[in-house]
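Residue numbers (my numbering), protein chains in the order written: chain A, -10 to 455; chain B, -10 to 455; chain C, -10 to 455.
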Amino acid sequence: MPKPLYLHPDRLFPADPQTRAFARALYDQVKDLSIVSPHGHTDPAWFADNAPFGNATELLLIPDHYVFRMLYSQGVPLEAIGVGNPAVDPRAAWRLLAEHYHLFRGTPSRIWLDWVFAEAFGIDVRLDAETSDLYYDTITEKLGNDAFRPRALFERFGIEVIATTENPIDELKHHAAIRASGWGGKVVTAYRPDPVVDPEFEGFADNLDRFGELTGEDCRSWSGYLAAHRKRRAFFAQHGATSTDHGHPTASTANLTGDEAAALFQKVVAGRFTAVEAELFRAQMLTEMAAMSLDDGLVMQIHPGAFRNHNAGVFARFGRDKGADLPMRTDYVHALKPLLDRFGNEARLSVILFTLDESTYARELAPLAGHYPCLKLGPAWWFHDSPEGMRRFRRMTTETAGFYNTVGFNDDTRAFLSIPARHDVARRIDCGFLAELVMERRLEDWEAAELAVDLSYKLAKQAYRL
Amino acid sequence: MPKPLYLHPDRLFPADPQTRAFARALYDQVKDLSIVSPHGHTDPAWFADNAPFGNATELLLIPDHYVFRMLYSQGVPLEAIGVGNPAVDPRAAWRLLAEHYHLFRGTPSRIWLDWVFAEAFGIDVRLDAETSDLYYDTITEKLGNDAFRPRALFERFGIEVIATTENPIDELKHHAAIRASGWGGKVVTAYRPDPVVDPEFEGFADNLDRFGELTGEDCRSWSGYLAAHRKRRAFFAQHGATSTDHGHPTASTANLTGDEAAALFQKVVAGRFTAVEAELFRAQMLTEMAAMSLDDGLVMQIHPGAFRNHNAGVFARFGRDKGADLPMRTDYVHALKPLLDRFGNEARLSVILFTLDESTYARELAPLAGHYPCLKLGPAWWFHDSPEGMRRFRRMTTETAGFYNTVGFNDDTRAFLSIPARHDVARRIDCGFLAELVMERRLEDWEAAELAVDLSYKLAKQAYRL
Amino acid sequence: MPKPLYLHPDRLFPADPQTRAFARALYDQVKDLSIVSPHGHTDPAWFADNAPFGNATELLLIPDHYVFRMLYSQGVPLEAIGVGNPAVDPRAAWRLLAEHYHLFRGTPSRIWLDWVFAEAFGIDVRLDAETSDLYYDTITEKLGNDAFRPRALFERFGIEVIATTENPIDELKHHAAIRASGWGGKVVTAYRPDPVVDPEFEGFADNLDRFGELTGEDCRSWSGYLAAHRKRRAFFAQHGATSTDHGHPTASTANLTGDEAAALFQKVVAGRFTAVEAELFRAQMLTEMAAMSLDDGLVMQIHPGAFRNHNAGVFARFGRDKGADLPMRTDYVHALKPLLDRFGNEARLSVILFTLDESTYARELAPLAGHYPCLKLGPAWWFHDSPEGMRRFRRMTTETAGFYNTVGFNDDTRAFLSIPARHDVARRIDCGFLAELVMERRLEDWEAAELAVDLSYKLAKQAYRL
């Protein structure tokens, strides 16, 4: 007989009964607040076209690198679950997930997926080999209903605003289409210039060419290249962007003179640069982006510290974003100094820092954000976007940075259906943390109630200027 | 209507009722023990002159870099709160603190300040914009009473002994005056030679000159310079010092031959040295200080790992110690080896290690202190002197170093009025930790009772030889 | 009157009553499962000869570097407790332990020893100065009984299989003798080639000579040296080995061409190599060992990150393994890439990673093991083999690696009598962790029950192919 699937209303709250009661009371005040999703990777085409999603496997398995990396780690071939393999039988691929679903015990993927199964699709039995077909059929059938089209889900999920992420040579046609459609959902873009900023990005030279075409600037000259960024940032802002995003290997910044920067850019354009020069160019560009943010008001996000495409074999066969990115030890205190020397005291500038290296929370990030007016801390990110990860974030940053140098939650996901689940986890964990502070009399109950709303909703809107 | 300010008697204890009851019982045994404050930065002039403190802003806001760094991080200009600005209206500056007091939710500054407000000044409403003037007036008026003069507070706080920190070219006049006054309060100094040991310290050359004048030694020769240290350490010991303190950027030590050290010193004296040589000189001087400690019995404290004056703009306008010091990743296992190769097995030597890099607690510091006879661990320091920080310290050091390779609590503060609050936090957190061990049957209750006294009082006296 | 010694049945369980009840129920299902000890350092001679152990001091104090390092850190000379001093009076040495037993409060050594005292020897009073002789006499007397001979204890402890660790020039005579004896206890070896792989190991050149003699291969040629490894691995496998073990200073791997490796080997053999070349050779050998594991199926363990023999004085007087090994910061993401580039996607290969640097749990190890099919995570190791250490391991690895990329517990000890205590601690802590997940509804109760058995028993058997 299938095991029942039931989402307990007290899930993720602290065990102590009185603390749990505090947490529940706080959560009850915020659980129905609208979702502000200021950073993520959903596809704007979904909302532009409003076409139905495909089957369970296409929607929930193939695009989710959290899920297929775990299966792969236990010997399930990527092809077998459909990654890079359009010929896969989606029902058979789904069965592989079902048969291996015990691997996700204790992981956030399990929490998110169970929410999607139970809340989004109304399934009331657990996923395993026995229920695999039931799941596949139920999900795939529902996806054919209008109630499961992207815009309907957007509204059902209570999303007030969602940001996608595009690069400068994206024409933002989907965003334009969404606006032109008259649909009321607020979908904005964000400016992620890595493909034209990172000399080591695949296709960098071609990207520069396209960047020049789109902007009418000479992107082989330093001044033209900077002008192109300014134009394109303005174009993105017209499509709702309030932020930029930078996914560099490190947090290094630089503060070169104009001549030095121009000379470095010439090497980069010529394709004759060392790894050190590539890093220096990325570093200088963070500072240039900060300078532009001071002018145009775009909030700057820095997401450093991932060793991308670590698995050479997987990269060769399947390409980017296949669950083979790995965190690296990351320095901020030295790395950010050049940028901070120039703009650190500008209260109008807003730079949101993320990390994959939790050892920096208490040692570097909270002390930096607790001093510099331009710095704030993004939420626990990627591998750390999980109950334990979020708790460590609060425990290690709050005492030095406070709550108001953090920016609420963002889901950073391309798994659209999991967005409510992710915000729900964050709200539950934050309410649990606040309840613990109340229980230890480090906060008054009325302060915790205010903070619960701030962390769930207000801070994200303020920090991202949405 | 103002919100009530009330310090709950069970604050900071674990939530579980039985564990909380154990914690309360332990705490009741230690809460009234005298305060031993073996390391800190109070001003000996307070106790020498016993003049009244000024107004609320002068006493509690302007000198407290924990407080004004948080305000600054949220855009409040330092000038507006009186930092480097004698012309500030203190009442208006206080209002800025009051209006932004919610920023401190979840921080130790909030705990310390609320204790000062409630316990030291008897205020029973919370600080906010509405109560700002009430606070300012109440505090400022009370500071005019004899009961709020430094010596009266010293006695009221139950301080058995307090150590200040002076550099070798300080004449220790205030300490002499305290002794000469016949007042019974025990105020001792500590020898912090950074200004004559760190070639990169502001005014290093002038400091050396003054060092020579005070000691009658030729401080431009290596042997004279060492002799000057020996004389000055003896002078400090006469003024009660039982310890030295070293605030280097890293924990690096060196073990040069006499000739090598003398040659390096000549470069340093001549002002012709590289950054690497400056670091090597500081490293060698830690080993020289250890050698002198073996002779004169002064306990050695090493406080490494701060990137001082990180904010170039703030340093240029406001100078040192303006909340812009940041922790750095710190190595101990390699850094201390030269010193340990020479003196590591000397049980008579006592070196107390501190860190701003919590990743070293379990990885390096506890294993070092759990082996070398000369090493002990100082308490959670600076950014980590907080409830969560103290818990992490105990959880990550106890299993390898035990309790008896730690040295109790020290407050390390210049905020005199917060000293009882800081010791109270440490006692509560330690009692909570001990209660958890009892609850998990890792300790017997009578052992926890002994340890509570050890951690609150005895270990600090023993470790600092007070 | 002596204090009672009593092991509480709920020890090490979470404090919250309902969570504790869950933990107890889980633990009751696993507490009597057989012990699988897939990695450790017991002496096979014990089981071959089955001679009685000596006195309390010889058995429990002198060989236990956890214990004597703590005594040494507090000024007790190593000679006085019998380390490197056969002339010590064992009763007097034992008294030093008894008098200093309070130093172990809060440490895992205390937990293990108390279990040995209470459960193995039936003592019901606490160890202190007053009970020192009682302890010494009771233990020493019981060790003379047949019931305390190695094989009897092996059976009484419910050990299903235990692995020892030998180097390639060990003749495995004891293992052969155990098999020849007809005794049913399963004692297997493991292949630890450090003495013939690490050019900086004491006696490396002599070891190579002996390696050649034993295998009949020319161990001064690269191909002969590799052939010798293959032969010797097969010989170890015949003596039950299912694993190899590698204790390198770092986790560095290399992927040299055959010619490069051969040239490097010639430098190593000639004794003319730099520290960098020694490191490169060790790195290359990890990759060579992985290649051989693909052929012969031996599971590969990597135990990196110890700075061995850090205390120069202790090493000079007392030699290796005297409590003076210290953890170092350790990188995995870069270090393992060469090996992973070659074999990372081989699901038949199994490499078990350990660490002394907990900052890598969430940042590097869990993300690596949660992606690469060949990688799994060993349990919390050495300084971290403790209640808090095990909790941190689970809290920081589970959300990204899951449970099934970990390998259960191994005790890694030479302290034979403590083996049941160590497994018991692991079972209690894991059951407590699972109970917390159930309490937060991150797991169903039936899943936790399955996992308790997996973590206590099944995963170790599977991962080590036992």
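By construction, the Cβ of each residue, glycine as well, lies at the ideal position given by its N, Cα and C atoms.
Just so you know, these numbers come straight off a predicted model, no measurement behind them.
Annotation for L116/A: A87, Y90, F106, Y124 place their beta carbon closer than 7 Å to its own, counting only its chain and skipping 5 residues before and after. Beta-bridge partners assigned by DSSP to F296/A: L315/A. Shown here for T46/B: same chain residues with a beta carbon closer than 7 Å to its own, the five before and five after excluded, namely G71, P79, A82, W83 in chain order. For S282/C, the number of other beta carbons within 10 angstroms of its own is at least 16, and it is reported as buried. With a threshold of 8 Å between beta carbons, R99/B makes no contact with chain C. Burial check for H164/A: the Cβ neighbour count within 10 Å reaches 16 or more, so the residue is buried. Pairing L406/C with V414/C, the inter-Cα distance amounts to about 14 Å. The beta carbon of T120/B sits closer than 6 Å to those of P(-9), V114, all from its chain and outside the five residues before and after it, given in chain order. Boundaries of the beta strand (DSSP E) harbouring V25/B: 24 to 26, taken from the DSSP string.
Leaving aside the five residues that flank A272/A on each side, the residues in its chain whose CB is nearer than 6 Å to its CB run, in chain order, S241, T242, A243.
Close partners of E377/B in chain C (Cβ separation under 7 Å) are lacking, with about 15 Å as the shortest Cβ gap. With a threshold of 16 other beta carbon atoms within 10 Å, N134/B falls short and is exposed. The beta carbon of L197/C lies closer than 8 Å to those of V185, C208, R209, Y214, V258 in the same chain, with the five residues before and after it left out. Straight through space, the alpha carbons of L325/C and E266/C are spaced by roughly 17 Å. A404/B has no beta-bridge partner at all, per DSSP. D330/C and D126/C have their C-alpha atoms some 58 Å from each other. With its beta carbon less than 8 Å from one in chain B, H360/A belongs to the interface.
Burial state of A194/C is exposed, judged by a 10 Å Cβ sphere holding fewer than 16 other Cβ atoms. Cβ contact annotation for K175/A (same chain, cutoff 6 Å, sequence separation greater than five): V150, in chain order.
Residues of chain B with a Cβ closer than 8 Å to the Cβ of L432/A are, in chain order, R94, G95.
Inter-segment contact for the region 304 to 317 of chain A and the region 303 to 318 of chain C is absent: fewer than three beta-carbon pairs are separated by less than 8 Å.
Rounded to the nearest angstrom, the Cβ distance from I418/C to S26/C is 17 Å, too far for a contact under 8 Å. Burial check for Q290/A: the Cβ neighbour count within 10 Å reaches 16 or more, so the residue is buried.
P327/C and L245/C have their C-alpha atoms some 9 Å from each other. Here E429/A carries a coil assignment [DSSP, helix/strand/coil].
Annotation: Cβ neighbours of K326/C in chain A (cutoff 7 Å, chain order): H299.
Judged by beta-carbon spacing, L15/C lies beyond the 8 Å limit of A355/C, meaning their Cβ atoms are not closer than that value. In the DSSP assignment, T127/B falls within the alpha helix (DSSP H) that extends over 121 to 132.
Using a Cβ-Cβ cut-off of 9 Å, G308/A is close to nothing in chain C; its nearest Cβ partner there is about 15 Å away. In this chain, the alpha helix (DSSP H) harbouring L329/B covers 326 to 332. Interface flag for S407/B against chain A is unset, since no Cβ pair is found closer than 8 Å.
Not one beta carbon of chain C lies nearer than 8 Å to the beta carbon of D419/B.
At a cut-off of 8 Å between beta carbons, M278/A makes no contact with chain C. Measuring C-alpha to C-alpha distances from T395/C to each of H28/C, E429/C, L448/C identifies L448/C as the nearest.
A distance of 8 Å or more separates the beta carbons of A152/A and H228/A. Under the 8 Å criterion on CB atoms, D330/B is classed as interfacial with respect to chain C.
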